[in-house]
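Step one of this worksheet: look at the structure below.
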Amino acid sequence: MVNFAASSTSWNINQSKGLSQAEIDRIVADLSFKAQSNVQDQVKLVLFRLSVYCGLRATELCGLNLDEVNLESDFPHLLIRSETAKGGKAREVPILSIATVMDFRTWKALRIAQGATNVAPFLCSVGSGTLGHRFSRQGARNRFKAACKCLGQERAAGLTIHDGRHTCASMSLHKRVPIALVRDMLGHSSIAITNTYTGLFRDGKGMVYNLDLA
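Here the numbering used here is used: the first residue of the sequence shown is 16, the next is one more, and so on.
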């Protein structure tokens, strides 16, 4: 039996900072459409998915290398190196979204076509003169806000990559991913921290819990 310790008052999560299902769907649809003709929007889509569907921190997604994105096995996953992970603890992050795996495959194929090596950054600039350059954390943060622009300027301005990570945790629990797997996926030090996210995800029906879901 797993005992959930009481959450620390210093670990309260602001529910309004997390993205709802309707907001996620809107952003993904907007970026997916634009990405068909604009590689800059393809980058934003990949970055958004790394945050919201994989729960990566800014440092982790900036540090991710091409050979650390494993998409062809029965267990698609990301490898987070100890030097980029918080607390220096390496981990495997399962990719629990088929659509995310497909978008990552498309992007990885493009990176390989660009001549990227295994140790080249997975996420990178595609600008003229900066192709293949690894993003800084601030550069990644700016692109995350740009990815959320379809939600309106005020809403997008208040969102961060870490809010995407919070969304990943709450969405995963809401969709019944085992809490121990969510803990390991996010790299939390304890299940008590992961449990903080229970009940935060908004499914678009205006309520925290929806018992009608299968």
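For every residue, glycine included, the Cβ atom is placed at its ideal position computed from N, Cα and C. As the structure is a prediction and not an experimental result, all values here were calculated from the model.
- Cβ neighbours of Leu46 within its own chain (closer than 7 Å, five residues either side excluded): Asp56, Lys59, Leu60, Phe63 and Ala162.
- In the three-state reduction of the DSSP assignment, Val108 falls in the strand class.
- The shortest C-alpha to C-alpha distance from Asp82 to any of Met117, Ala44, Ala184 and Ala124 is the one to Ala124.
- By the beta-carbon neighbour count (other beta carbons within 10 angstroms, threshold 16), Thr211 is buried.
- Counting only unbroken stretches of 3 or more residues, the beta strand (DSSP E) elements lying wholly within the stretch 48 to 120 are 92 to 95 and 106 to 109, in sequence order.
- One thing to note: Leu86 has its Cβ no nearer than 8 Å to the Cβ of Phe48.
- Under DSSP, Pro136 takes part in a beta bridge, and its partners are Asn80.
- DSSP places His189 inside the alpha helix (DSSP H), whose first and last residues are Ile176 to His189.
- Here the C-alpha atom of Ser52 lies approximately 18 Å from the C-alpha atom of Leu138.
- Excluding residues up to 5 positions away in sequence, Gly202 and Ser204 lie with their Cβ nearer than 8 Å to the Cβ of Gly102 in the same chain.
- The alpha-carbon separation between Val67 and Leu76 amounts to approximately 11 Å.
- Taking the Cα of Thr209 as reference, the smallest distance to any Cα among Arg149, Phe216 and Ser185 is reached at Ser185.
- Between Leu93 and Val108, the gap from beta carbon to beta carbon is short of 8 Å.
- Secondary structure at Arg156: helix, using DSSP grouped into helix, strand and coil.
- For Leu65, the closest alpha carbon among the candidates Ala44, Ala37 and Ile110 is that of Ile110.
- By the criterion of at least three beta-carbon pairs nearer than 8 Å, the stretch 174 to 183 is in contact with the stretch 30 to 37.
- Around Pro136, the same chain offers Arg149 as residues with beta carbons nearer than 6 Å, after the five sequence neighbours per side are excluded.
- Cα atoms of Ala128 and Thr145: separation of roughly 16 Å, rounded to the nearest angstrom.
- Leu146: not part of any alpha helix (DSSP H); DSSP gives it neither H nor E.
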